[in-house]
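Just below is one structure, and these are the notes that go with it.
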Amino acid sequence: TAEQIELFAYYLPK
Amino acid sequence: MFEARMVRGFIIKRILEAIKDLVSEASWDCSTSGMSLQAMDTSHVSLVSVSLKADGFDKYRCDRNLTLGMNLASLAQIVKAAGNDDVITIKAPDDADKITLIFEPKSETETWEYEIKLMNLDSEYLGIPETDYSVKINLPSHKFQRICRDLSQIGDSVTISAAKDGVRFSTTGDLGSGNVKLNQTASADKPDEAVTIKIEEPIILSFALKYLNHFARATALSPQVSLSLSKDVPLVVEYVIHDDDDDEIGYIRYYLAPKIEE
């Protein structure tokens, strides 16, 4: 199984 | 005062159809350069970014920057009532708590007018840096739609692997497995039907098909779609919107975080 990663792991809030 | 009039109103209809099921509420940022929107889906796994240049409208006036927060499903429902040939105008006063939508059928002398209440939304904007992607694939948007749709009959996620010999989309599920191999097309006779693949570095990444099928709802906006991929960063799926003269008037971009093996 693969884990779905959230976008926060890649992009920071402005 | 804000006023944006688009003779090809179907573009606005198609944009809303392409985002309404992914994000329920979002704010349009309006400035002299155009209208834009950025919003994540509720699970924070995917993000949609829409831009429409002021030049893409037949009339565009924005006296000061405005943020128009709204329920996109409601907006889409109202805009769905406009005919494909209708001219659509969006209007808002500077201190707006609602916007006015005007639909004008081209050949008739009638005007349909709707008002939509605006909302104060705590929008969370993400800063997306310029990225040099290892792989960029351009392909016909209907082909991408079909790949996503057909593979989701078999499995929940797709593994995209790109190497010198082409790009492979593969999935596995309880039924079995499926895969589609794409090679670059040789001729440029029909640019809309072309497949081009640029690879700096081979990649292999997995994504949830549920989201890709959402993204493919933008198919009617552009004959071509591009997929940009790099190791360990979200996939970018971009549909560039053109006017009748084939000038770029905007885009819809979707970002999707990859799935990582546990």
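Sequence order for the protein chains is A and B.
Mapping the first sequence onto this note's numbering, position 2 (from 1) lands on 2, and the numbers just tick up by one.
Mapping the second sequence onto this note's numbering, position 230 (from 1) lands on 1230, and the numbers just tick up by one.
The C-beta atom is built at its ideal place from N, Cα and C for all residues, glycine as well.
Can you tell which of the options has the C-alpha that lies nearest to the C-alpha of residue i?
i, options, result
"B:M1001", "B:I1116, B:S1031, B:V1023, B:D1122", "B:S1031"
"B:A1208", "B:L1068, B:T1159, B:L1022", "B:T1159"
"B:D1174", "B:G1155, B:R1168, B:T1219, B:E1115", "B:G1155"
"B:S1230", "B:F1010, B:V1087, B:V1135, B:I1015", "B:V1135"
"B:G1056", "B:D1243, B:W1112, B:Y1255, B:Q1184", "B:D1243"
"B:P1191", "B:N1138, B:A1073, B:N1213, B:F1010", "B:N1138"
"B:K1164", "B:N1071, B:I1197, B:S1177", "B:I1197"
"B:I1147", "B:F1215, B:S1027, B:S1049", "B:F1215"
"B:G1009", "B:I1078, B:D1085, B:S1033", "B:D1085"
Buried or exposed, going by whether 16 or more other CB atoms sit within 10 Å of the CB of residue i?
i, result
"B:T1042", "exposed"
"B:P1140", "buried"
"B:R1061", "exposed"
"B:T1171", "buried"
"B:A1186", "exposed"
"B:I1116", "buried"
"B:E1104", "buried"
Tell me where the beta strand (DSSP E) around residue i begins and ends.
i, result
"B:A1018", "Counting along the chain, B:A1018 falls outside any beta strand (DSSP E), though it belongs to the alpha helix (DSSP H) covering 1010–1019."
"B:N1179", "1177–1182"
"B:V1236", "1235–1242"
Tell me, to the nearest whole angstrom, how far the beta carbon of residue i is from that of residue j; I am working on the premise that it is less than 8 Å.
i, j, result
"B:L1221", "B:Y1239", "5 Å"
"B:Y1255", "B:I1128", "7 Å"
"B:I1099", "B:A1092", "4 Å"
"A:Q4", "B:K1259", "5 Å"
Between which two residues does the alpha helix (DSSP H) containing residue i stretch?
i, result
"B:S1074", "1072–1080"
"B:H1142", "1141–1151"
"B:L1022", "Per DSSP, B:L1022 belongs to no alpha helix (DSSP H) and is neither H nor E."
"B:N1065", "No alpha helix (DSSP H) contains B:N1065, which DSSP labels as neither H nor E."
Determine the chain C residues that contact residue i at a beta-carbon separation under 7 Å, and present them in chain order.
i, result
"B:G1127", "Checking the listed chains, one finds no chain C in this structure; the protein chains it contains are A and B."
Entirely within the region 1180–1220 of chain B and at least 4 residues each: give me those alpha helix (DSSP H) ranges in chain order. 1209–1215
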